[in-house]
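Chains as they are written, first to last, in numbering that gives the first Met the number 0: chain D, 0 to 593; chain Z, 0 to 148; chain W, 0 to 239; chain Y, 0 to 134.
To start, the structure itself, in structure tokens.
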Amino acid sequence: MATVKTHTFDAVIVGAGGAGLMAALYASRNANVAVLSKLYPTRSHTGAAQGGVGAALGNMEEDHWEWHAFDTVKGSDYLADQDAVDILCQDAIDVVIEMEHMGLPFDRFPNGRISQRRFGGHTNNETKKPVTRACHAADRTGHMILQTLYQQCIKNKVNFFDEYHVVDLIRVDDTVRGVVAIEIATGDFHVFQSKAVMFATGGWGRCWQVTSNAHSLTGDGAAICLRRGIPMEDMEFFQFHPTGIFKLGILITEGVRGEGGVLINGKGERFMEKYAPTIKDLASRDVVSRAIYLEVKAGNGVNGKNYVHLDITPDTVNHYFEKDGEKRRITREDIEAKLPDIADFTRTYLGIDPVQEPMPVQPTAHYAMGGIPTDVEGRVILDAANTVLPGLYAAGEAACVSVHGANRLGTNSLTDLVVFGRRAGKHMAEFCQEAELLPLPANAAAEVIAEFERIRHNQGSVKMFDVRNRMQTTMTEGVSVFRTDETISTAVSQLQELRAEYQNVGVQDKGNIFNSELLEAWELGCLLELAEVTAVSALARQESRGGHARDDFPERDDAAWLKHTLCHKVGEGEYQLDYKPVTLGRYEPKPRVY
Amino acid sequence: MSTLALTIRESIRYRGRSGHWSWVAHRISGLAILLFLTIHVWDTANAHFYPHLYEWFVDIFKWPPIALGEIPLMAAVLYHAFNGIRISILDFKPELWKHQQRSTQITWGLFLVIFIPIAIVMFITMIQHWQHMGDAWMQFPRLSDYPPR
Amino acid sequence: MQVNLRIRRFNPEKDSKAWWGDYTLDDVSRNDTVLDLLNRVKWEIDGTLALRRSCAHGVCGSDALRINGANALACKTLVSRLSSGAATAAIQIEPILGLRVIKDLIVDMEPFMDHYRSVLPYFINDSPPPADGRERLQSQEDRARFDDTTKCILCACCTTSCPSFWANEKYVGPAAIVQAHRFIYDSRDEGAADRLKVVGDTFGVWRCRTNFNCTSACPREIEVTKAIAEVKKVLATGEI
Amino acid sequence: MTTANVTGVTHRKVQVQSNLERWAFLFMRVSGIALLVLAVGHMMIQHVLNSSSNLTIMFVAERWNLWGWKVFDMLLLAFAYMHGMNGFRNVLEDYIHNRQTVKIVNTILVVFAVITILWAGFAIASFDSAPFLGN
Ligand SMILES: Cc1cc2nc3c(=O)[nH]c(=O)nc-3n(C[C@H](O)[C@H](O)[C@H](O)COP(=O)(O)OP(=O)(O)OC[C@H]3O[C@@H](n4cnc5c(N)ncnc54)[C@H](O)[C@@H]3O)c2cc1C
Ligand code: HEM
Ligand code: SF4
Ligand code: F3S
Ligand code: FES
Numbered sequence: 000m001a002t003v004k005t006h007t008f009d010a011v012i013v014g015a016g017g018a019g020l021m022a023a024l025y026a027s028r029n030a031n032v033a034v035l036s037k038l039y040p041t042r043s044h045t046g047a048a049q050g051g052v053g054a055a056l057g058n059m060e061e062d063h064w065e066w067h068a069f070d071t072v073k074g075s076d077y078l079a080d081q082d083a084v085d086i087l088c089q090d091a092i093d094v095v096i097e098m099e100h101m102g103l104p105f106d107r108f109p110n111g112r113i114s115q116r117r118f119g120g121h122t123n124n125e126t127k128k129p130v131t132r133a134c135h136a137a138d139r140t141g142h143m144i145l146q147t148l149y150q151q152c153i154k155n156k157v158n159f160f161d162e163y164h165v166v167d168l169i170r171v172d173d174t175v176r177g178v179v180a181i182e183i184a185t186g187d188f189h190v191f192q193s194k195a196v197m198f199a200t201g202g203w204g205r206c207w208q209v210t211s212n213a214h215s216l217t218g219d220g221a222a223i224c225l226r227r228g229i230p231m232e233d234m235e236f237f238q239f240h241p242t243g244i245f246k247l248g249i250l251i252t253e254g255v256r257g258e259g260g261v262l263i264n265g266k267g268e269r270f271m272e273k274y275a276p277t278i279k280d281l282a283s284r285d286v287v288s289r290a291i292y293l294e295v296k297a298g299n300g301v302n303g304k305n306y307v308h309l310d311i312t313p314d315t316v317n318h319y320f321e322k323d324g325e326k327r328r329i330t331r332e333d334i335e336a337k338l339p340d341i342a343d344f345t346r347t348y349l350g351i352d353p354v355q356e357p358m359p360v361q362p363t364a365h366y367a368m369g370g371i372p373t374d375v376e377g378r379v380i381l382d383a384a385n386t387v388l389p390g391l392y393a394a395g396e397a398a399c400v401s402v403h404g405a406n407r408l409g410t411n412s413l414t415d416l417v418v419f420g421r422r423a424g425k426h427m428a429e430f431c432q433e434a435e436l437l438p439l440p441a442n443a444a445a446e447v448i449a450e451f452e453r454i455r456h457n458q459g460s461v462k463m464f465d466v467r468n469r470m471q472t473t474m475t476e477g478v479s480v481f482r483t484d485e486t487i488s489t490a491v492s493q494l495q496e497l498r499a500e501y502q503n504v505g506v507q508d509k510g511n512i513f514n515s516e517l518l519e520a521w522e523l524g525c526l527l528e529l530a531e532v533t534a535v536s537a538l539a540r541q542e543s544r545g546g547h548a549r550d551d552f553p554e555r556d557d558a559a560w561l562k563h564t565l566c567h568k569v570g571e572g573e574y575q576l577d578y579k580p581v582t583l584g585r586y587e588p589k590p591r592v593y
Numbered sequence: 000m001s002t003l004a005l006t007i008r009e010s011i012r013y014r015g016r017s018g019h020w021s022w023v024a025h026r027i028s029g030l031a032i033l034l035f036l037t038i039h040v041w042d043t044a045n046a047h048f049y050p051h052l053y054e055w056f057v058d059i060f061k062w063p064p065i066a067l068g069e070i071p072l073m074a075a076v077l078y079h080a081f082n083g084i085r086i087s088i089l090d091f092k093p094e095l096w097k098h099q100q101r102s103t104q105i106t107w108g109l110f111l112v113i114f115i116p117i118a119i120v121m122f123i124t125m126i127q128h129w130q131h132m133g134d135a136w137m138q139f140p141r142l143s144d145y146p147p148r
Numbered sequence: 000m001q002v003n004l005r006i007r008r009f010n011p012e013k014d015s016k017a018w019w020g021d022y023t024l025d026d027v028s029r030n031d032t033v034l035d036l037l038n039r040v041k042w043e044i045d046g047t048l049a050l051r052r053s054c055a056h057g058v059c060g061s062d063a064l065r066i067n068g069a070n071a072l073a074c075k076t077l078v079s080r081l082s083s084g085a086a087t088a089a090i091q092i093e094p095i096l097g098l099r100v101i102k103d104l105i106v107d108m109e110p111f112m113d114h115y116r117s118v119l120p121y122f123i124n125d126s127p128p129p130a131d132g133r134e135r136l137q138s139q140e141d142r143a144r145f146d147d148t149t150k151c152i153l154c155a156c157c158t159t160s161c162p163s164f165w166a167n168e169k170y171v172g173p174a175a176i177v178q179a180h181r182f183i184y185d186s187r188d189e190g191a192a193d194r195l196k197v198v199g200d201t202f203g204v205w206r207c208r209t210n211f212n213c214t215s216a217c218p219r220e221i222e223v224t225k226a227i228a229e230v231k232k233v234l235a236t237g238e239i
Numbered sequence: 000m001t002t003a004n005v006t007g008v009t010h011r012k013v014q015v016q017s018n019l020e021r022w023a024f025l026f027m028r029v030s031g032i033a034l035l036v037l038a039v040g041h042m043m044i045q046h047v048l049n050s051s052s053n054l055t056i057m058f059v060a061e062r063w064n065l066w067g068w069k070v071f072d073m074l075l076l077a078f079a080y081m082h083g084m085n086g087f088r089n090v091l092e093d094y095i096h097n098r099q100t101v102k103i104v105n106t107i108l109v110v111f112a113v114i115t116i117l118w119a120g121f122a123i124a125s126f127d128s129a130p131f132l133g134n
């Protein structure tokens, strides 16, 4: 049977994406920190982020963090907490500069400063026109952030435990004592005893069929927290990015539209003119995804199929620039230089050259606005009264601060990672200075070991692949860009069935070394649980707001629903919903037009 | 962790492109020339120290199975030389690397264009020589036939 | 179409040596990637097959494999590139060479990461940043000099395609040199001398025999050999 | 906000520590270029313009009667042998992993190369053509 090894650290950070690494960098300055990641850190999905990181540097044109804040709040459909948004937009400037000082190779403007591009929903608040705010390194900004932070962690000798899969949180009443992890290469269980734990495990787009997310984005951290009594905030808000490659889901960054690309329907019309007359293709993501969906529904998909075209060919783009009275023009060379990876993706996977042909795109499951609820220091909170669970932290996509509210603006996730990753890391180190190391409960790992043994030796004949597929179809049909009481209810009951079937999922691999089948089966458990929470939260919210668009309740209802959902797990398949007020500030909720 | 056998086997199994085969050819040709050169140098030194041994060796080199080996030797020197120059140029002009595919083609082309006529000439000369020698052409030279001078 | 997959298998808990597993897959689309095929084998036929993967679109560097004899990322290799257009195709998958096989297609990455870490792969500049609290300035031309080598995702396709590395795993390998290049050529960095000490050593750039397998294998289309040559040139001339 | 443009490439000098490998690398290229003349020239003269079929000690005596050819051949000897042996060292170091063994092998290579070059170099230098040419 599995052996259990014990390690002791001041703090454990689970996840080595942008959020985890930034936190590690700060926390490890004053505390003994271990970073556990199921992937080699540089393989975290932060590396896939393309377009840019938002910060009002104003390197090209006038910009202010207050404008950024307003755009963020408006983008969130007024569900974001405005105190947190202020911090996000103020700290963004400093943290982007800090990353430049860490060596991050941003692209440059001719004046030698960090290059910025336009992005959806980011505007000059006075003219209402798009503003250049997304700081970028070609279309691989996330890659550069991930690499730079990892490099700095190596420089600062951070303790990494690579390919350690965290499977449980050790919580005793209202204290945390550490985590349980499996060393993937050997199958051994390890207990990491610590004063503080942070989850920065990223999103769970794999709940859906077509997604921009990695195979490994299975929401482990969120699911573990949920199982250990932490509620999930605003889970009904999941972002569908308007431009995923048709069928594959691979993301085509909004940066394409930032550089002038336009969406064209099957009739050859630039349909965003109808839905967002002012900023058109650069409206926020929920708006554009819905527009595509509606176009397809109206029979305006390309070739009668459920996709539209994203066109960045110089001819089309310059045609619309001229029509809009814009002075700039683009050339093939600009596209190759600014969007090299996008060009590579479409050439590799579609055999389409984006400088000559439009790309087929459809909305793709992309980003979890909701997640583990935290305060602005990254501390995890337990209830509507914002009671903190001392020593437990969360950051990045897994967390919900909430700065994204009902819909995240492009570039704000990377900003979120580094701003709140940094704050949480700092705070965690301070916490460790004062906190005591608490003893581990007896057999801390016993429960999760038993669960793994159950899956490993399950005689059930149900195929994991089959359950996962059905979950993904269910979510895609029931809890997608548009939803109704009926679709969500069907999804909820199907997910309940799937949860029962999951108990009979068996694995063929009974070994210890690199038993990825066993881990995948466990991950599927996480996905199923988060899918169910998402559906349950969505069913309750009877309004349309941001990423949550209900056909049966098409209007936003601030009187009844200007509040955050908190979904507690109270038993196997039993969830209790609670609500928490939104922190308002300078910006009063208004109807949202782009 | 890797053994010599594995390295050699995989060097042949690996489906590399032109650069890989250029490397294989460069290494083999270099080693082959060195092997020949070592024998050749020691033997040539005999011209001063033991002239009779030198003469014996010279005749061994004319023995058909060994004489034929001169053609691959020529190939080795020519290929190794051209490829060596290619590598040296590109080492000091990294900006030319994008033409690497082309450069290997040119190297092989140049090699073939120069080597083939030379090989033909060498082969014809050898045949003429053997014809000239009559029946003794395949006779391996015996040391006893070369008394010390 | 139909694909006959041959996969190099090895389970240390069961097998004393590696063996070939043969799997036939029907209804394969020419646009499927090799990763799609491997996933099908794992999910539908044999769950014990072990491989690493994450992003599925060539940006994370998890699934470097030897596909039909040459290194590539499984998720970036389309079936259409490996088949002639006939109704069936044979595809052969092996783990990358020169690193210890842990199980099936998974190799021990630690020696590779050790080489990476050895070249000081991080920005070094101890002089104070600009007094206005803003970014260090850099011209577009200076930025362009090291653009290519910033793209590396540490997939190891290059290092494990290099015969010098197969022969001697002490060679730091192309990936580590690419990382060194990225910093040596960054006009803001001040650590070039220390880095050059590492890559200029016996097991540094000099082990490169300009074989070019690395460049052909790089899924990010980095001109790896060129980067190595540029580092050699800096070592030879003392000028960046 | 826009300030003056920053343009151009910054060239920097950097301290590089020289070591054996660096010199070996440079030597391989320089000797390679020398050998293009010496070795390829030698092959052409010996095997194309003349043929080894006609090679006799008389031929050698005639050539080495001229100091020019003696120098040519000595240079060829030195460059080719040093180049070849260093290449051989490179190859061996790929496959021999034990540092101690590498040192021993290298010592053997150096000793062997030095003896070879001296022995053959001495032979060329002191070769007396007179007895063969009969004057
Ligand atoms: C294709 C794409 C493009 C994007 N483009 C942009 C953009 O341009 N701008 C923007 O702002 N945002 C963008 N985003 C969103 C943004 O990139 C992500 O939200 C963000 O990177 C998430 O970072 P993270 O640190 O929270 O998690 P991740 O980077 O996903 O990292 C998760 C980490 O947790 C680890 N982990 C997970 N589970 C476990 C476990 N059980 N045990 C141990 N470790 C575990 C993983 O190994 C990994 O290290 C994009 C997202 C995608 C998918
Ligand atoms: C004729 C002109 C020659 C040129 C231009 C030349 C050039 C080169 C160069 C540039 C290298 C280095 C290759 C590298 O580092 O990757 C090399 C390697 C080598 N050369 Fe030569 N060379 C020549 C002649 C010779 C001769 C005459 C010999 C034999 C005595 C020889 C034996 C070798 C060997 C053994 C290697 C090492 C091969 C390897 O590392 O794979 N070369 N040559
Ligand atoms: S240089 Fe290319 S092949 Fe090598 S590790 Fe980096 S991305 Fe992979
Ligand atoms: S394959 Fe190896 S020999 Fe050099 S050019 Fe690449 S590192
Ligand atoms: S799975 Fe990420 S590179 Fe292939």
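Where is the CB? At the ideal position from N, CA and C, for every residue including glycine.
Model, not experiment: these values are computed from the prediction.
{"Query": "Indicate whether residue 369/D and residue 76/D have their beta-carbon atoms separated by less than 9 Å.", "Result": "no"}
{"Query": "Please confirm whether any heavy atom of ligand 2 lies closer than 8 Å to the CB of residue 80/Z.", "Result": "yes"}
{"Query": "DSSP on residue 49/Z, reduced to helix/strand/coil?", "Result": "coil"}
{"Query": "Between which two residues does the beta strand (DSSP E) holding residue 238/D run?", "Result": "237-244"}
{"Query": "Taking only beta-carbon atoms, is residue 106/Z less than 9 Å away from chain W?", "Result": "no"}
{"Query": "Give the list of continuous beta strand (DSSP E) stretches no shorter than 3 residues that lie fully inside the stretch 291-356 of chain D.", "Result": "307-310"}
{"Query": "Run through chain W and tell me which residues come within less than 7 Å of residue 96/Z, C-beta to C-beta.", "Result": "222, 224, 225, 228"}
{"Query": "Take every Cβ of the stretch 49-58 of chain Y, pair it with every Cβ of the stretch 217-234 of chain W, and state whether three or more of those distances are shorter than 8 Å.", "Result": "no"}
{"Query": "Quick check on the burial criterion: 16 or more other C-beta atoms within 10 angstroms. Buried or exposed for residue 0/Y?", "Result": "Confidence at residue 0/Y is low in this model, with a pLDDT of 47, below 50, so its placement is unreliable and the value that follows should be read with caution. That one is exposed."}
{"Query": "Report the three-state DSSP secondary structure of residue 389/D (helix, strand or coil).", "Result": "strand"}
{"Query": "Per DSSP, what are the beta-bridge partners of residue 198/D in this structure?", "Result": "13/D, 393/D"}
{"Query": "Determine whether the Cβ of residue 111/D lies closer than 9 Å to any Cβ atom of chain Y.", "Result": "yes"}
{"Query": "Residue 176/W: which of 80/W, 133/W, 234/W sits nearest, CA to CA?", "Result": "234/W"}
{"Query": "In whole angstroms, what is the alpha-carbon distance linking residue 339/D and residue 449/D?", "Result": "48 Å"}
{"Query": "Classify residue 0/Y as helix, strand or coil using the three-state DSSP reduction.", "Result": "Residue confidence for residue 0/Y is low, a pLDDT of 47 falling below 50, so the modelled location carries little weight and cannot support an answer."}
{"Query": "Should residue 160/W be listed as close to ligand 4, given that the test is whether its C-beta is under 8 Å from any heavy atom?", "Result": "yes"}
{"Query": "Taking a Cβ distance cut-off of 8 Å, strictly less, list which residues of the stretch 65-93 of chain Z are near chain W, in chain order.", "Result": "86, 89, 90, 91, 93"}
{"Query": "Determine whether the Cβ of residue 52/Y lies closer than 9 Å to any Cβ atom of chain Z.", "Result": "yes"}
{"Query": "Use the C-beta contact count for residue 118/D: other C-beta atoms within 10 angstroms, 16 or more gives buried, fewer gives exposed.", "Result": "buried"}
{"Query": "Within 9 Å (strictly less), CB to CB, does residue 21/Z reach chain W?", "Result": "yes"}
{"Query": "Secondary structure at residue 513/D, three-state DSSP: helix, strand or coil?", "Result": "coil"}
{"Query": "Flag residue 205/W as yes when its Cβ comes closer than 8 Å to any non-hydrogen atom of ligand 4, and as no otherwise.", "Result": "no"}
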